[in-house]
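J.: In our numbering, the protein residues as written are 38 to 770. Below are the structure tokens for one structure; questions will follow.
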Amino acid sequence: MVARSVGPVAVLWVGRESDLVRNAVAALEPASEETELRGVETVERALDRLSERRYDCLVLCHEESETALADAVGSFRSRWASLPVVVVTDDPGVTDAALSAGATEVFVTAEGRDDRAALTRRLETVVSAHTWDDEREDDGATAEPSDRAEEIERLRTVLEALPNEVYTLDMDGHFRSVVPAGDRETTVSGYEPSELVGEHVSTVMADADLATGRDAVRELVEDNGTERVSFEAYFRTDDGEQAPHVVHVAPLREGEGDRVTGTVGVLYDVSERVERERRLREKSEFVELTLDTIDDAFYLIDEHGELVRWNETFRVVTGYSDAELDGMDALELFEGTDRDRVADAIARTLETGIARVEADFVRADGSTVPFEFTGARLTDDDGDLRGVVGVGRDISGRREREQKFKQIRKHTSDVIWMRSPEKDVISFVSEAYEDIWGRSTESLLAAPESFVEAVHPDDRDRVEAALAEQRHDPDSYNETYRVVQPDGEVRWVRDRASAVYDDGELARIVGVASDITERTERERELQLKNRVIEEAPVGITIHDATDPRGTLTYANDRLSALTGYEASTLRDGWLSVLRGSETGPRQLATLERGMRDREPTTAVVLLYHRDGTPFWSRTSLAPVQDDDGTVTHFVGFHQDVTESKEHEQRVERRLDEFSDLLAEELKTPVERALEEFDRAQADGTDDAIGAAEKWVEQLSRLIDDLAAIHSFSVKSRETAAAMTTGTDTHDDQ
């Protein structure tokens with residue numbers, strides 16, 4: 038081994054208790070010597086310990102941020118330049134920072150490896166190479182002399198134990214020696230070490246990085262004060278890929294004046310770090326792209342209130358250029374009371390962690406646009422304040438909707454309401470409540486269940502049961518009930534509800550209650566009319582006036598009973614279906630003319646039942662007009678007047694018989710009376726005159742009898758006619 042000061046090995050350990058460190062130190066060789074391990078938790082305590090006594094190695098367990106780690110290593114290195122400092126970490130990403138700060142070695146723990154044995158070898162290497170001669174007074178101990186060959190052998194042993202590949206180059210860039218990493222038999226590029234000796238470094242290093250390497254060597258040669266330089270380069274691997282490495286290069290000095298005759302380099306594989314950086318870069322680019330494409334305005338202001346970062350939307354909304362926004366005081370984008378409220382919101386954000394405020398952006402051209410801002414306190418890994426990050430959302434549309442809602446709330450005739458899922462709070466109700474319920478909105482807001490008290494007693498239990506289910510399924514709530522106003526007036530109400538969810542949770546229930554009193558009354562009237570039509574003792578039909586055929590669009594059940602046909606059968610050409618061989622064309626023409634001329638008309642027409650039986654129908658058609666006075670339909674009434682028509686025909690026959698009887702009965706008395714009058718006129722006798730008077734009296738009595746019979750027959754005829762035409766036969770008294 039490389040000589041060190043004689044005596045037990047003293048190791049100072051900084052950080053939390055660690056079995057790995059304790060076991061690794063305990064296994065240090067030579068086993069015959071006592072190994073001393075002291076542990077402290079803070080860097081400050083470690084500095085105190087180092088001031089009190091000498092240690093051969095300091096082990097720093099990395100648990101802080103990368104910045105804190107570098108500061109800790111630097112604090113040790115600034116006071117003890119040669120003290121070996123070994124950083125133990127599970128994060129390979131801190132390797133560069135630790136080495137740059139002066140760490141002697143960085144040990145990265147790995148799964149599936151004997152970390153205790155590996156750490157022990159690392160500690161043996163750094164402890165063996167350490168000497169205090171240049172940093173403390175000689176304590177009397179002297180190093181054992183060794184020849185150069187032994188020293189070189191020990192150095193090779195140390196190098197072979199390192200997890201890094203080490204090489205030396207001449208000034209032309211040719212390999213003089215190569216020592217693979219401790220866990221490999223070949224180099225990173227898959228070569229045997231002997232195969233690379235004499236080869237140019239371009240054999241394994243990517244062409245694009247050769248210039249960087251030459252610049253590093255030039256710096257070492259030209260600046261005697263430079264002891265080490267580092268750069269990143271890609272090395273070709275044995276699987277054909279290229280792996281990124283950090284190369285630490287130091288000069289090899291020989292001869293007089295410590296002339297630089299070559300370089301020694303140590304490779305650190307940073308593939309994982311580069312991959313993390315790539316992913317981080319891609320993520321950063323994605324975040325940048327996302328921020329620039331979202332509709333919300335993103336912003337970041339520092340602890341002094343100045344703009345540090347913003348997205349495209351922010352720039353477009355404000356109307357300022359990126360150069361104008363850079364470093365601008367965020368409060369300059371607001372005026373008046375808005376500026377005060379934004380300043381207060383920023384202060385609350387820094388105090389509580391998050392705040393929200395509404396304010397008008399003042400754009401570069403002086404115009405304003407309403408925004409809602411949500412900000413959050415931003416800190417770094419160490420908890421130090423970085424500023425405030427947030428987003429602003431244009432609420433112009435929401436402001437317009439709120440204004441429209443206010444107008445709707447003010448002018449709508451419906452009651453718009455909003456309540457909590459627990460139904461114990463009504464957060465909003467429109468003014469129409471006062472008109473429909475007859476009670477103030479304030480009374481409802483103060484007592485949310487008071488509206489149920491106004492529900493008609495016959496409807497209240499049903500409404501309360503529906504409200505109990507409303508919490509579980511608000512969208513199914515749809516109730517019609519009566520409201521009794523304080524003055525006793527009853528209003529019909531249709532009440533509906535809908536659920537509003539926030540992140541999947543029921544947040545509130547909104548609803549609309551409509552006054553349907555007039556509609557309900559109209560519906561009842563319509564239902565009554567429908568019942569009257571359906572139950573009427575006559576057939577009722579409705580016909581399309583726009584169709585020349587008078588297509589039947591409706592027929593009640595009485596018409597089907599009257600004709601034996603279903604309405605669907607009579608739909609097209611109803612008269613042609615009902616007419617028969619004895620149907621009078623004049624009556625049909627009367628009905629068709631009335632429909633054509635858009636005039637009311639009535640006719641008694643002989644029609645035929647489905648079974649072929651004829652019947653007399655008194656059919657009346659009346660036009661129906663719309664609001665513009667246009668005839669759109671005809672309504673028809675169809676009455677079976679068969680019995681009346683047959684009675685009329687019987688009366689007609691009796692009148693004919695009466696005429697025959699009248700002629701027969703009056704003929705003889707008239708002839709005899711005329712003969713007696715002629716005889717009396719001829720001879721002037723009293724007997725002749727008396728006989729004539731006798732026949733005249735008989736004729737008079739006969740006429741009276743016949744007149745009575747005639748009056749009865751005429752009355753019957755008039756009655757029959759009235760039954761078929763609808764004429765009133767009653768005399769005015």
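Quick reminder that beta carbons are idealized off the backbone N, C-alpha and C, glycines included.
From Leu368 to Ala147, what does the alpha carbon distance come to, in whole angstroms?
T.: Answer to the nearest angstrom: the Cα atoms are 51 Å apart.
J.: May I ask which residues mark the beginning and end of the alpha helix (DSSP H) holding Gln507?
T.: Where Gln507 is concerned, the enclosing alpha helix (DSSP H) stretches over Pro494 to Gln507.
J.: Taking buried to mean at least 16 other C-beta atoms within 10 Å of its own C-beta, is Gln820 buried or exposed?
T.: A query on residue 820 cannot be resolved here, the shown segment of the chain reaching from 38 to 770 and no further.
J.: Please classify Leu49 as buried or exposed, where buried requires at least 16 neighbouring CB atoms within 10 angstroms.
T.: The residue in question, Leu49, is buried, as its Cβ has 16 or more Cβ neighbours within 10 Å.
J.: By the DSSP assignment, the beta strand (DSSP E) with Tyr645 in it spans what residues?
T.: Where Tyr645 is concerned, the enclosing beta strand (DSSP E) stretches over Thr638 to Tyr645.
J.: Just to confirm my understanding: we take Pro121, look at its own chain, exclude 5 residues before and 5 after, and list those with CB closer than 8 Å. What are they?
T.: Only Asp93, Cys94, Leu95, Thr141, Glu142, Val163, Val164, Ala166 and His167 meet the Cβ criterion.
J.: Spatial neighbours of Asp175 within its chain, please: C-beta separation below 7 Å, excluding the five flanking residues on both sides.
T.: Only weak support exists for where Asp175 lies, its pLDDT of 39 falling under 50; the value from the coordinates is given anyway. No residues qualify anywhere along the chain.
J.: Taking the alpha-carbon positions, what's the His675 to Val466 distance?
T.: When rounded, the distance between both Cα atoms is 55 Å.
J.: Nearest by alpha-carbon distance to Glu468: which of Pro281, Ser477 and Thr583 is it?
T.: Among Pro281, Ser477 and Thr583, the Cα nearest to that of Glu468 is on Ser477.
J.: For the beta strand (DSSP E) that Arg412 lies in, which residues bound it at each end?
T.: A small correction: the amino acid at residue 412 is Gly; Arg does not occupy that position in the sequence shown. Unbroken beta strand (DSSP E) run through Gly412: Thr405 to Thr416.
J.: Which residues does DSSP list as the beta-bridge partners of Thr590?
T.: None, per the DSSP bridge assignment.
J.: Could you check whether Pro511 and Ala544 sit closer than 8 Å to each other, using their CB atoms as the reference points?
T.: Cβ distance not < 8 Å, so Ala544 and Pro511 don't count as in contact.
J.: Take Trp611 and list the residues in its own chain whose beta-carbon comes closer than 7 Å to its own, dropping the five residues that flank it on each side.
T.: Excluding sequence neighbours, Trp611 sits near Leu589.
J.: Is Glu172 helix, strand or coil by DSSP?
T.: In this prediction, Glu172 scores a pLDDT of 48, lower than 50, which makes its location untrustworthy; the coordinate-derived value is nonetheless stated afterwards. It is coil, neither helix nor strand.
J.: To the nearest angstrom, how far is the alpha carbon of Asn348 from that of Val62?
T.: For Asn348 and Val62, the distance between alpha carbons rounds to 54 Å.
J.: From what residue to what residue does the alpha helix (DSSP H) around Asn567 run?
T.: Here the alpha helix (DSSP H) through Asn567 covers Thr554 to Glu572.
J.: Relative to the C-alpha of Glu264, which residue among Phe272, Tyr271, Tyr228 and Val301 is closest?
T.: Looking at the Cα atoms, Val301 is the closest of the given residues.
J.: Suppose the cutoff is 6 Å on Cβ atoms and the five residues either side in sequence are ignored; what does the same chain contact list for Ser464 look like?
T.: Taken in chain order, the residues that qualify are Met455.
J.: For a quick check, are the C-beta atoms of Arg414 and Leu387 less than 8 Å apart?
T.: In this structure, Leu387 lies closer than 8 Å to Arg414 by Cβ.
J.: Quick check on the DSSP output: what are the complete beta strand (DSSP E) runs of length 3 or more inside the region 127-155, in order along the chain?
T.: Listed in chain order, the complete beta strand (DSSP E) runs (minimum 3 residues) inside the region 127-155 are 142-145.
J.: Does the Cβ of Phe488 have 16 or more other Cβ atoms within 10 Å, making it buried, or fewer, making it exposed?
T.: Buried: at least 16 other Cβ atoms inside 10 Å.
J.: Grab the span of the alpha helix (DSSP H) containing Phe351 for me, first residue to last.
T.: Its alpha helix (DSSP H) spans residues Glu349 to Thr355.
J.: In whole angstroms, give me the CA-to-CA distance for Ile577 and Lys566.
T.: In a straight line, the C-alpha of Ile577 is about 12 Å away from that of Lys566.
J.: Drop a sphere of 10 angstroms on the beta-carbon of Ala155, count the other beta-carbons inside from all chains shown, and report buried for 16 or more, exposed for fewer.
T.: Buried, because 16 or more other Cβ atoms sit within 10 Å of the Cβ of Ala155.
J.: Which first and last residues belong to the alpha helix (DSSP H) in which Phe272 is found?
T.: Counting along the chain, Phe272 falls outside any alpha helix (DSSP H), though it belongs to the beta strand (DSSP E) covering Val266 to Arg273.
J.: Contact check, Asp552 vs Ser654 under 8 Å by CB: the rounded distance?
T.: Not really, about 46 Å apart at Cβ, beyond 8 Å.
J.: Would the beta-carbon of Val530 fall within 8 Å of that of Tyr518?
T.: Their beta carbons are under 8 Å apart, which means Val530 touches Tyr518 by this criterion.
J.: Taking just the CA atoms, how far does Ile432 sit from Arg378?
T.: Looking at the two C-alpha atoms, the distance is approximately 17 Å.
J.: Below 7 Å CB to CB, which residues in the same chain sit around Asp151 once its five sequence neighbours on both sides are set aside?
T.: For Asp151, where only same-chain residues beyond five positions count, there are no Cβ hits under 7 Å.
J.: Buried or exposed: which applies to Arg251, given that a residue is buried once 16 or more other Cβ atoms fall within 10 Å of its Cβ?
T.: With fewer than 16 Cβ atoms within 10 Å of its Cβ, Arg251 is classed as exposed.
J.: Mapping the DSSP letters down to three states, classify Asp470 as helix, strand or coil.
T.: Correcting the residue identity first, residue 470 is Tyr in this sequence and not Asp. Reduced to three states, the DSSP call for Tyr470 is helix.
J.: Can you give the beta carbon distance from Ala334 to Val428, rounded, assuming they're within the 8 Å contact cut?
T.: Contact flag correct, Cβ pair sits at about 6 Å.
J.: Please name the residue in Glu340, Val353, Ala392 and Ile546 whose C-alpha comes closest to that of Asp417.
T.: Comparing Cα positions, the closest option is Glu340.
J.: How would you call Gln507, buried or exposed, if buried means at least 16 neighbouring beta carbons within 10 angstroms?
T.: Under this definition Gln507 is a buried residue.
J.: Buried or exposed for Ser681, please, with buried defined as at least 16 other CB atoms from any protein chain shown within 10 angstroms of its CB.
T.: Buried, since its Cβ has 16 or more Cβ neighbours within 10 Å.
J.: Which residues in the same chain as Ser229 place their Cβ atom closer than 7 Å to its Cβ, once the five residues preceding and following it in sequence are excluded?
T.: Inspection of the sequence shows that residue 229 is occupied by Glu rather than by Ser. These residues qualify, in order along the chain: Thr223.
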